[in-house]
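Heads up: the sequence shown is residues 783 to 1050, going by my numbering.
Contents: one structure, followed by commentary.
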Amino acid sequence: MLIRLFFSKVNIVSQKKIAIVTGANSGLGKAFVEGLLQEPIDEIWAIARNEARLLEVQALAPQRIRIFSADLTEPLSLSEFETTLTQEQPCVHYLVNNAGFAKFADYESLNMHESSNLIDLNAKAVVQMALRSIPFMNQGSCIINIGSLSAFLPLPYMNIYAATKVFVKNYSLALREELKPRGIHVTAVCPGWIDTNLYARAEIGAKKSVNTFTGMVKPDVVAQKAIRDAKVNRPLSIYGFLPNAVRILAKFLPASLCMRLWMLQQKF
Ligand SMILES: NC(=O)c1ccc[n+]([C@@H]2O[C@H](COP(=O)([O-])OP(=O)(O)OC[C@H]3O[C@@H](n4cnc5c(N)ncnc54)[C@H](OP(=O)(O)O)[C@@H]3O)[C@@H](O)[C@H]2O)c1
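Listed below in structure tokens is the structure:
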């Protein structure tokens, strides 16, 4: 009995406390890695596809950042990641579901593969990573899901992207309620425009395309606020005056009017 107690204590003491960040080699994800390095976390597990850029992130703190080159739309990558979690049995203190991309295009210009891939990464992978990580979470652990301000209004010419972010927001709010008894926090981050590499992949030279990005902010301020909000278990994290104002307006104005205003400021 005493021996069993001793070993269970040793196991608790030696359990590694980790943060998982998807889309960690660029933009907002990299800013989360930088922010989480200031937290009492043993290791940050950084996930993205491009290994060269992951290695650059790892160079920030080689002893504390571990990299995983993986495409989160591939079922095999997700199950390999689950195997690593099962073998190592860490405590997942933060899961930052950040990997995502946008396409600025009318519905005709986006092919079938890209349309599905948007849903696979922006919505499906968020669920897949959460379900795989929750068994390794304890009281006080945080799930930070990256939505967007587009979670609050339909956006023509980035219609699928905006719809995936509605999914992320509502999934996060509902999951938050379900995880309350276990003391696990869930926060949906809904930023406006952020200065990242998102635009390079989003712009495909479509006939009609999003072209105005009002009120763009740097990724570090969004990440820092999100970490603060997650710690105190805020349901939503929205940085800046303009995105908060848009969110409130979208609550009271009809969706048709919101879309007309969006189209006007996009100069179509
Ligand atoms: N920028 C904005 O204005 C803005 C506004 C609101 C919300 N957001 C959200 O913020 C999040 C981060 O985007 P960002 O702006 O920082 O763009 P970003 O700089 O392009 O970063 C996207 C990240 O996702 C990774 N990624 C892309 N496809 C992946 C895949 N199939 N599997 C695994 N990782 C993948 C990318 O790395 P690899 O290419 O190497 O895989 C990269 O690390 C997204 O969810 C986005 O929707 C952005």
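Just so it is clear, CB atoms sit at the ideal spot from N, CA and C, and this is done for glycine as well.
Item                                                                                                                                                                    : Value
With respect to 7 Å, is the separation between the Cβ of D853 and the closest non-hydrogen atom of ligand 1 below this value?                                           : yes
If we call anything under 8 Å between Cβ atoms a contact, is Y939 one with D888?                                                                                        : yes
Give, in chain order, every unbroken run of the alpha helix (DSSP H) that is at least 4 residues long and sits entirely within the stretch 1001-1042.                   : 1001-1013, 1023-1034
Is the CB-CB distance between D977 and V992 below 8 Å?                                                                                                                  : no
Measuring CA to CA, which of L937, T969, S897 is closest to I928?                                                                                                       : T969
What does a CB cutoff of less than 8 Å around T855 pick up in its chain, not counting 5 residues either side in sequence?                                               : N899, D902, L903, K906, A907
Any idea what DSSP makes of S861, helix, strand or coil?                                                                                                                : helix
Under the rule that 16 or more other beta-carbon atoms within 10 Å means buried, what is L892, buried or exposed?                                                       : buried
Comparing C-alpha positions only, which one of G965, E870, V1004, Q1047 sits nearest to K742?                                                                           : Any question about residue 742 goes unanswered here, given that the chain covers just 783 to 1050.
Starting from V971, follow the beta strand (DSSP E) in both directions and report where the run begins and ends.                                                        : 967-971
According to the neighbour-count rule (16 or more other Cβ atoms, all chains shown, within 10 Å of its Cβ), is V971 buried or exposed?                                  : buried
Indicate the three-state DSSP secondary structure (helix, strand or coil) for K990 in the structure shown.                                                              : coil
Which residues mark the beginning and the end of the beta strand (DSSP E) in which I847 is found?                                                                       : 847-851
Enumerate in chain order the residues of its own chain whose CB-to-CB distance from F1050 is below 7 Å, with the five nearest sequence positions on each side excluded. : K990
The alpha helix (DSSP H) with V948 in it runs from where to where?                                                                                                      : 941-961
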